[in-house]
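Remarks on the structure that follows.
Residue numbers (the working numbering), protein chains in the order written: chain A, 599 to 1101; chain B, 599 to 1101; chain C, 599 to 1101; chain D, 599 to 1101.
Right, dumping it as structure tokens:
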């Protein structure tokens, strides 16, 4: 879910203080997943399991977390800004989330502005009863639908496209809640992995192309839905299967029912789950993410070998590919960059004077390894290139003789509209420069990206099927898998309604 | 506006701490007004004036306060729990409320539970543009309407009956906002003084019976709406006139337009504004509230004289009537009870041991005045009688020889449904006991209430017109001025929707 | 106790926000008492009783409150900024204050800056055991002593002169704690009412002139020390006697012992306790404060009668004198000024525009009473005259035909150094103008103060004994009862030590 | 600095909430360094540089951080619980720390109780002027000295042994501040790296054995003191030299003066800085910490080879040794355990039911790597063995065929008293079991620790010199480098004085 609506009310209590130091941006030059979801039905520790599952999915969103539980009579909701461990580790909070069914959500951290009103799951007391929903992904026609709903008298409370789904459910005239949910889904376009909770059911739904992941697990007989398998691992749950693209799974006391109300399409899972988003210990679409990344490094070593003394990963996400590269090339793997893990809110140089010093808040060169060496620097991706410039400069300053950069994904040339936070096209390095231009911009002795076919090989395909691509890969190819209705239409920005507020 | 809906989500961050000391209840045995409203249009200091006006109306509600301002482009909203002076005195808050038009609201303080989600003004971005509304009063068919709206797909965010008005406006198919507002008002029953703000208009509306007050003032040409004249005094504004019962006033840049879309009815203003709610320095319905209260004391002295040494008011609300009683009777007026004004959150005895001590948190006998005297104790009203018992006991313990209690309103026998927080009938002293029973219960040497006709005389009438009573006086007579639809129907309690939350 | 030392560390977390509205100053033109103290020994509810006692003494200090309790093994301390009722009404706080002996302290509220580090009681773990102390009053040689102590290696943690007493006790070589305490007291000059708690004793001490008050009470056999009798009333304790000037009272399990180690002096209690500080329902030095104030009004009516229609008190402190004035003169007493009691943090006009409106935040004229009348305005004292100007202007604007101001204390011409917060002499109206000058400054038709002898008569003396004045009255006479060592010496301002800090 | 004194006052505002989930202990089985220090003199960005330096030293203490700056006239102090980046990244905080000289301190995080009053630097306004001090290390005679000082009239405000140093300076009769500081140091025993700031000087001091590290750097001519070189790297400062054991460095505007007032001793730096505490990218005593750790892994591979398929580090501290082990043994290095870095406050299983699930909060097995393999698990140290048991169990559950554990430090048999937080001896695994017992306890197929001589070899020595050991290594050998006065004496626990408090 995303923030497509403008939020014109000032949110003063969260206005960030003027920062003397800020992030050094060494991590900021990454794409960001926008959410993770989790649900469990029929387990006495439903809320606690959900908190643990969300903790395992924390890498998918650090801005906010929320859980809604149902106790057979009432729904209970706790939603907080911040990390799961900061807010959902106390008995006080978990004990308020009474019930044997729960769903949860983590949301990613924007820089600067924090959108308070969009913390999920959302809950509404509809005519037929309570309905809670949490969403990973992004709709491509949410604003279009929202404007129609407002014209029809709906009052929106958040800027989230997830509320659009909820308002559609509220307005459906179908008699049963699953039918109303299906009717709502039939109107939306884009990417979604959804978990919903009613007074009788836990529901999971995945978009027809399977862009965002969703898996089914089981713990002591209770069904579990989660964005990734690591959320099953943390609680010792058993992996059952992936929810299929276009499938709606309805868990009740009677068991699990599967519905496929929409016409079937060729599936196209998002390749960025493998490249960067998913945890390396997750298994996505039947493949170990760690092994895919190591194979990306191996392919890269094969495609663009270079003579050097040492292979150095850009920590932490470049490590598996660097291990693969080192193994394939026979060049030793060393920690030439040390990362400071104590970075909550971060820092940057305060005065022009200090700015010139080139403060290194998150990363520091390990001079004992770098000095006098020819190094191969392995990173998972390059977005704007801003981090790469800094890292490379740091390597030279620490005495590197040569720096050869190897990137374990193809050049990113297009923005995403399915739940990944990408910069505008103009800010993408690869949409502005050719390879030599990028090399010069970053300032390395040599630069190479893995090829699109190399990427598909690391994923286990022989090559990309140009007619029916096996993956959602528009960031590299510009080939978007669905219409982009909102982007192509002309949408008035609306102000946010505030029927209820807390201060 | 009131809280007719159940709020089943726990609101933990505001759960009151277990109090070792609690209120001694000496003030709690009062009826409570539920709100005050204020609005200004076309003044550069709109938000600051609104904050000042709300401060002057603080006695009408101490739970929460809110202001919405409009700057010609955006609406800005600040809503807070607590006193106006605690939150709206800082430049930081006022400066965020940009614009030359603003409305505001104060809300009364419930004991124990604080309903966060009901702080007003409410705001919604409707199809035609933004619409903010603040409400003093209570609807008698809000739940009935709400259930119809939910069935039709509306998602409610608060338990307030004010949201019902807003949802009705949102659903209206009329083309212009005033027409939509009128259509909404035509469906509601009960008492209301409303101020609303759109992108072009400040609107005021008063229910057809004029139960709740609303006045029009002017400052430097800018129209002002307020619950009482003291809100005009504080900013040096000029009083223009009362908004008439059933009148809708629309202020635009072009001037003030008056609409009377509903059939005219005989007006019946609420008599409790004079007895207790309004500030003594306000002028309500053309009458000085202080003088009405003094006359209530004088009527009381005439109706039920008694020999005594001293007239003592129950502070602070009994003071004007006691001055009137003393003047009429010739018995000296003295401060025999001293009130501790430093009472924020309050206190009660912690252990059984201390409980027996009879702790006096808010009031203390002034023994030098009371000891050895025959005293006349004057209070404005008696609700449950619990305060009276304590005050009287305190007088005897301080050495009073005789205590004669005189009450400046008739016995309260019926509950209110129009914006006054009254206990259930069973808890009203006068619906359980006759006069002698009450005297014995309170434990005084004599007890007298003003008669209903005495009350009407103090108000300037010769007597109550039984056919067409001149005042809303059901608390004394049981004569309700409108149907009580919700009370008489059978309404399902619903759970609250939570599309947006902050924690 | 007072803040004689500069506090140069910024205290940012308490830096007041820029206020859009501020106090209208209508109450600020008063002298302020700096503290109240309370102690109880041998009662199971020691902390709860102390909280209640401090609540009754809240008028003596609203900035901060603190309690130290002793459970036979450990001392427990809770100290907070804010009102007693805001922090010491919760079971959580009181339950932490374990023990059957406790002392407490309330401290007055400075404007703007709040001195966090000076909240009392202070506690130190001395060689002989724990020692807690709370102080009402002010020393006149504290800085002189402090500089000597710092030169000797003492590290001060607060700016309070009370810490000087504690450091003197710590350094004493006497073997027993009472002896060490007496040795410390023998070195200090000024005014003090002290309560102290050790692991075996509750100690009370009053300066040899008896400038600040301290009374002894009893509840269920347990001795109680308090600044005023109202702190006994609130818990139903029995008044036993005043602590005599120069007396040290030592309460142990064995009983109460009285020590008088210093040469006896003629006593001179502070007259301002009667005029303004003490609660009207307190009995100080055997006299009802309310009755003294009424007599001040009566004397004033006799000394400076004037023809008028109505007597109006400046609320709230002018009310008893106004009642006395009205009774003596036969002119009716009326509430011509209404006070807004909902004033926490307050307000002032934001822009030049609004400033010209003359915003009335705390007081409003009751026009129905004032209009067309000749009024006598009765106030307890005039300090800078700033409030008087505003009140008088308000009366004329509400239509008063004549305003005659009568003040129930003599003109204040000198500052205090004994625990009353007075402005510099240059800011005192009466040290700048003669009577006619003051009348013109305030802008009234006539102005009169009570005479010094009138004041002594209202106190029950025939006149002031010029050789041996019966009262501490230097504010009116310049006759200081002790040397002013610090003021007359030259003292280096020191920076505050910060061995321990919380932020 | 350490907390040797009992803190008997409850510190309620920081009482940790009852945790539903708690730490899984996977990181807790480590020794913890207690502090890091930093100082700079004569640079316009003194406070900002100090904040950055402390951020680089954050691994030495995460409980609290503080900075004191001096602007030529006043000292400014900011001390906070929490991470440097959370509190010292805002311009608001840094801008209050005016001046071109500053010192700072980070402090480690205890579990459960947080000692608020001990946040450093401490500051006192001594007779000669202000004196601020920050301390890494621990004194072994602090309680003994403290009791003497209290007997002499000193009032202590914290439980920290650093305050003892400050009280000794305050009491010194020497005329000049450096002399007073030297006199204080001459009385203390134990380990210390100190930075102090006066109104003219920045002073650094290191204990005669050089147990704790302290380095001198330079930035644009301004001298810098820091616990580790990474604090120089982050601001681009130049490394000058180590402060020598027993040396006192005095930086003034005139330059840097070095004093060596104590008899020279053979130096014995603490070996744990190399094994675990210092950051791998630091250079301590002229040696790259990363390279020492890699060599520890290589020595280990030589001392205790084993046939296996894969070398897996326990992240993150076991990584360099594992890389060394893999390189020496030729067995591939793989990430078989994935760490969740989003762990603020942490978690543990809530109910018995969930407890049995074996929740993995911080670490997860990477099954794709582990399953069916013979693995060598490399860790830096084993303290209680609790983490090892869990990690090993996780490996077997993920399908490991064999688990061989290799530890890059000798068995820990003795507690530390010099600033490392060690459990009581009884809790140390190696003081309870022999090697086979430990192997069985941890449950591995084989277990080996590096030998003491292997450790000395990795440090560049041929072997341990038994007469004059080159390192402080009592944790492995029981050979303490100084007397343990407090431990061997009998010391009364005292209560904490509270002259100043904030709540």
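Backbone N, C-alpha and C define an ideal beta-carbon position, used for all residues, glycine too. Keep in mind that this is a model prediction, so the values were computed, not measured.
Which chain C residues are close to residue 637 of chain B, counting only those with a beta carbon under 9 angstroms from its beta carbon?
The contacting residues do not exist; residue 637 of chain B stays about 17 angstroms from chain C at best.
Quick check on the DSSP output: what are the complete beta strand (DSSP E) runs of length 3 or more inside the region 986-1060 of chain B, in order along the chain?
Counting whole runs of 3 or more residues, the region 986-1060 of chain B contains the beta strand (DSSP E) stretches 1000-1005 and 1044-1047.
Short check: CB of residue 998 of chain D to CB of residue 968 of chain D, under 9 angstroms?
yes
Coarse secondary structure for residue 705 of chain D, derived from DSSP in three states:
strand
Please confirm whether residue 1054 of chain D and residue 1069 of chain D have their CB atoms less than 9 angstroms apart.
Here residue 1054 of chain D is near residue 1069 of chain D, since their CB atoms are less than 9 angstroms apart.
First through last residue of the beta strand (DSSP E) which encompasses residue 723 of chain D
720-724
Could you name the residues of chain A that residue 657 of chain D contacts, counting a contact when the two beta carbons are closer than 9 angstroms?
Neighbours of residue 657 of chain D on chain A, chain order: 938, 939 and 940.
Between which two residues does the beta strand (DSSP E) containing residue 836 of chain C stretch?
836-840
Integer-rounded CB distance, given that residue 639 of chain B should sit under 8 angstroms from residue 849 of chain B
5 angstroms
CA-to-CA distance, residue 1076 of chain A to residue 779 of chain B, given in whole angstroms:
49 angstroms
Minimum Cβ-Cβ distance from residue 784 of chain B to chain A less than 9 angstroms:
no
Could you tell me which chain A residues have their CB closer than 7 angstroms to the CB of residue 877 of chain D, listed as they occur along the chain?
The contacting residues are 936.
Expressed to the nearest angstrom, what Euclidean distance is found between the alpha-carbon atoms of residue 695 of chain A and residue 647 of chain A?
11 angstroms
What residues from chain F crowd round residue 660 of chain B, counting only those whose CB sits closer than 8 angstroms?
Protein chains in the displayed structure are A, B, C and D, and chain F is not among them.
Use the C-beta contact count for residue 676 of chain C: other C-beta atoms within 10 angstroms, 16 or more gives buried, fewer gives exposed.
Buried: at least 16 other Cβ atoms inside 10 Å.
Under a Cβ-count criterion, where at least 16 other Cβ atoms within 10 Å of its own Cβ denotes burial, should residue 771 of chain D be classed as buried or exposed?
exposed
Just verifying my parser: in three-state terms, what is the DSSP assignment at residue 948 of chain B?
Confidence is the limiting factor: at residue 948 of chain B the pLDDT is only 45, short of 50, which leaves the residue's position unreliable, though a coordinate-based value still follows. DSSP, read as helix, strand or coil, puts residue 948 of chain B in coil.
Among residues of its own chain, excluding the 5 on either side of residue 731 of chain B, which ones have a beta-carbon nearer than 7 angstroms to its beta-carbon?
719, 720, 760, 763, 764, 792 and 794
Candidates B:1028, B:701, B:820 and B:691: which alpha carbon is nearest residue 852 of chain B's?
Selected option, being the one with the closest Cα: B:820.
Which residues in the same chain as residue 662 of chain C place their Cβ atom closer than 6 angstroms to its Cβ, once the five residues preceding and following it in sequence are excluded?
Counting only Cβ-Cβ distances below 6 angstroms, and skipping sequence neighbours, we find 679, 705 and 717.
With which residues is residue 790 of chain B paired in a DSSP beta bridge?
B:735
Identity of the residue in C:804, C:685, C:972 and C:993 nearest residue 859 of chain C by Cα:
C:804
At least one CB of chain C closer than 9 angstroms to the CB of residue 1083 of chain B: is that the case?
It does not: the Cβ of residue 1083 of chain B has no partner Cβ on chain C nearer than 9 angstroms.
How big is the Cα-Cα spacing for residue 887 of chain C and residue 934 of chain B?
13 angstroms
Run through DSSP, which three-state label would residue 962 of chain B get?
In this structure, residue 962 of chain B counts as strand in the three-state DSSP scheme.
Short of 6 angstroms in beta carbon distance, which residues of its chain neighbour residue 669 of chain B, apart from the five on each side in sequence? Order them along the chain.
696 and 697
Under 7 angstroms, CB to CB, which of the residues in the region 985-997 of chain C have a partner in chain B?
none
Would you say residue 894 of chain B reaches chain C, if we count a Cβ-Cβ gap shorter than 9 angstroms as a contact?
Output row for residue 894 of chain B: interface = no.
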